[in-house]
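Numbering (the UniProt record's numbering), first residue to last: 1 to 152.
This report refers to the structure that appears directly beneath it.
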Amino acid sequence: MSTHEAFIGAAVTLAAENVAAGGAPYGAVIVRDGAVLVRAANTVHTTNDPSAHAEMEALREASRILGRRDLSDCVMYASGRPCPMCHAAMRLAGFKRGYFAFSAEEAEQYGAGSATIYAELCQSLDSQPMQLSQIRPDGEAPYAAWRARRRA
1 MSTHEAFIGA
11 AVTLAAENVA
21 AGGAPYGAVI
31 VRDGAVLVRA
41 ANTVHTTNDP
51 SAHAEMEALR
61 EASRILGRRD
71 LSDCVMYASG
81 RPCPMCHAAM
91 RLAGFKRGYF
101 AFSAEEAEQY
111 GAGSATIYAE
121 LCQSLDSQPM
131 QLSQIRPDGE
141 APYAAWRARR
151 RA
């Protein structure tokens, strides 16, 4: 068994344990320098926080432990393909590599997964089921102040 398979196995084990505890079938393991840094499971069932996915919980904990938001030296192992939210958070954290055990399409066969959301997000905003519209205020956006602060 390869190291990658062992880390994926750990994520899948977390997912199975989470199902036994009443949660969703998702687990995540973040590895840094070849060692497990964080193990996490989906906690939506205990927190009622829709963003408490296994990958998000793992990202939060890894950032806390390392004292930084740049996790580019880490690797994510997830029991299922990260949903669009988790995928985007991984990108924002600088991940260069990640692995998952089961596809979103496989998960959807069992009533889980995010393949439908991935497909919806590829459509134009006016074609998506959640209507998202821009209302542009007058004046300067906060982005200019943010850029100026970063350049100072």
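Glycine included, each C-beta is placed from N, C-alpha and C at the ideal position.
Between the region 60 to 67 and the region 1 to 16 there are fewer than three C-beta pairs closer than 8 Å, too few to call the two in contact. With a minimum length of 3 residues, the unbroken runs of beta strand (DSSP E) contained wholly in the UniProt domain "CMP/dCMP-type deaminase" (2 to 115) fall at 27 to 32, 35 to 41, 74 to 80, 98 to 102. About 23 Å separates the beta carbons of Cys83 and Ser133, which is beyond the 8 Å limit, so they are not a contact pair.
With a 10 Å radius around the Cβ and a threshold of 16 neighbouring Cβ atoms, Thr47 comes out exposed.
Within its own chain, the residues whose Cβ lies closer than 6 Å to the Cβ of Glu55, once the five positions on either side in sequence are excluded, are Ala28, Ala78, Pro82, Cys86, listed in chain order. Distance from the CA of Leu37 to the CA of Ser103, rounded to the nearest whole angstrom, comes to 24 Å.
Counting the other Cβ atoms within 10 Å of the Cβ of Leu125 gives fewer than 16, which makes it exposed.
Each of Asn42, Ala93, Asp49 was checked against the Cα of Leu66, and the nearest Cα belongs to Ala93.
Secondary structure at Ser127: helix, using DSSP grouped into helix, strand and coil.
Counting the other CB atoms within 10 Å of its CB gives Ala145 a total below 16, which places it among the exposed residues. If the five residues before and after Thr3 are omitted, its C-beta is found closer than 8 Å to the C-beta atoms of Gly34, all from its own chain and listed in chain order. With respect to the 8 Å criterion, His45 and Ala20 are not classified as neighbours on the basis of their beta carbons. Within 10 angstroms of the beta-carbon of Thr116 lie fewer than 16 other beta-carbons, which makes it exposed. Between Cys74 and Arg32, the CB-CB gap stays under 8 Å. Scanning its chain for C-beta atoms nearer than 6 Å, with the 5 sequence neighbours on each side dropped, one finds around Glu105 the residues Ala115, in chain order. Between Met76 and Ile30, the gap from beta carbon to beta carbon is short of 8 Å.
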